[in-house]
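Residue numbers (the UniProt record's numbering): 1 to 259.
Here a beta-carbon is modelled for each residue, glycine too, at the ideal position from N, C-alpha and C.
Remember, predicted model here, so these are calculated numbers, not experimental data.
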Amino acid sequence: MSKSESKYLPFLRQCFVTASVALNIVGHGAVIGYAAVLIPALRSPDSPIIVTPSQESWIASIIGFALIVGNFIITPLMDTLGRKKSHLLTILPNMTGWFMLLMVNNVAGLIVARFLQGIAMGMLGPLGSIIIGEMTDPINRGAFLTSVSLSLTIGVLFSHALGTYFKSPSWLISKGRYEKGSEIFFWLRGKDERQRMELEDLIAAQKTARKSSIETKDRTLQDIENSFRGWTSEDYRSGEPLNGKAITEMRRCSSHILY
């Protein structure tokens, strides 16, 4: 190994260790910025979850309380499990929180999900700086520690930028949100005559599909109801003893022996 390689190889290894912490912190920065995307979505008229201003405040600020819990949890863990395992452990509550945000349909679920993410942030806050401080050279340690704040800011920016990404116009129209779907469609494609005709055909096709789906659903429910009425009718119940006797005689004539 040449002298130049031996000089830069330790630095690259320290960059790799710092990057592992920084990438995790980016995810936690996205958690902070997500509130700015989530709250406006909950305020929209077509939101499936109705929230009050007080509940909005709890959804946005619950992370602050969870940070304290995370600080207390990580203190004994990083001494007993070590830095590496503790660092990996901080990913679990964060991922669980994201999955809950995807699945829940009520305010309590949103608050619990955000609380779990806040615990993960509280665990990583002191642990990330300790990992970088212990594994980097004092000469470059200050620059490496700056990556903590930088990564957090990048995560917030990433979450805000991703929140501006529009939903598919076709999907919105398929859900009956024609006005919003048309607005995004024209913003993306323009308002010339060809695009207007395509949008009209798309809306007409989706309306036909939705009507057919509703009729099929109603017809299926009607068939189930008619079948249930047939099973509970007097004619059906009066034939049950005859059916039972016929089955018994058939079995007596077959390989089954009744004692």
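Minimum Cα-Cα distance from ALA113 among the listed residues GLY155, GLY142, SER61, LEU124 corresponds to SER61. Measuring C-alpha to C-alpha distances from GLN55 to each of LEU42, GLY64, LEU67 identifies LEU42 as the nearest. If you draw a straight line from the Cα of GLY181 to the Cα of MET95, it comes to about 31 Å. Considering only ILE203, ARG13, LEU12, LEU23, the residue with the shortest C-alpha distance to GLY155 is LEU23.
If you check the CB distance, ILE131 and VAL26 do not come in under 9 Å. In the displayed model, ASP79 falls within a helix according to three-state DSSP. Judged by beta-carbon spacing, PHE166 lies within the 9 Å limit of TRP187, meaning their Cβ atoms are closer than that value. The Cβ-Cβ distance between GLY64 and GLY125 does not fall below 9 Å.
With distances taken between CA atoms, GLY97 lies nearest to ALA120 out of ALA120, ASP79, PRO76. In this structure, DSSP gives ARG177 a state outside helix and strand, which the three-state scheme calls coil. Taking 9 Å as the cut-off, the Cβ atoms of GLY122 and ILE49 do not count as close. Distance from the CA of LEU127 to the CA of ILE74, rounded to the nearest whole angstrom, comes to 7 Å.
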